[in-house]
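Numbering (the numbering used here), first residue to last: 149 to 240.
Written as structure tokens, this is what we have:
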């Protein structure tokens, strides 16, 4: 087999794999409701979605307590004011 033919076959395989991956991604997409309930409850019960505003009404924050993080940084770094931090919001 010539190198050009081999290159074309490789590109065709990659394109086919990319299309299959895209189809899988589309099939696995969740609704907003499913995503929110999964983040909060593991997705066990979608029926709680309409009640979430009531359930969460008294919470000012969800996730890590900022004061706890500041305290930990202050204990473990000599110059905490020079620490840069990024919260990716991967929790709830």
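All C-beta atoms, glycine included, are put in the ideal place defined by N, C-alpha and C.
Asked: In terms of residues, what are the limits of the alpha helix (DSSP H) holding residue 216?; Found: 214-224
Asked: Based on Cα-Cα distance, which residue from 227, 235, 226 and 184 lies nearest to residue 201?; Found: 184
Asked: Just the Cα atoms here: how many angstroms apart are residue 218 and residue 236?; Found: 16 Å
Asked: Using DSSP with H/G/I as helix, E/B as strand and the rest coil, what is residue 210?; Found: coil
Asked: How about residue 190 and residue 182: do their beta carbons lie closer than 8 Å?; Found: no
Asked: Cutting at 6 Å between CB atoms, please list the residues of its own chain near residue 197, excluding the five before and the five after it.; Found: 181 and 185
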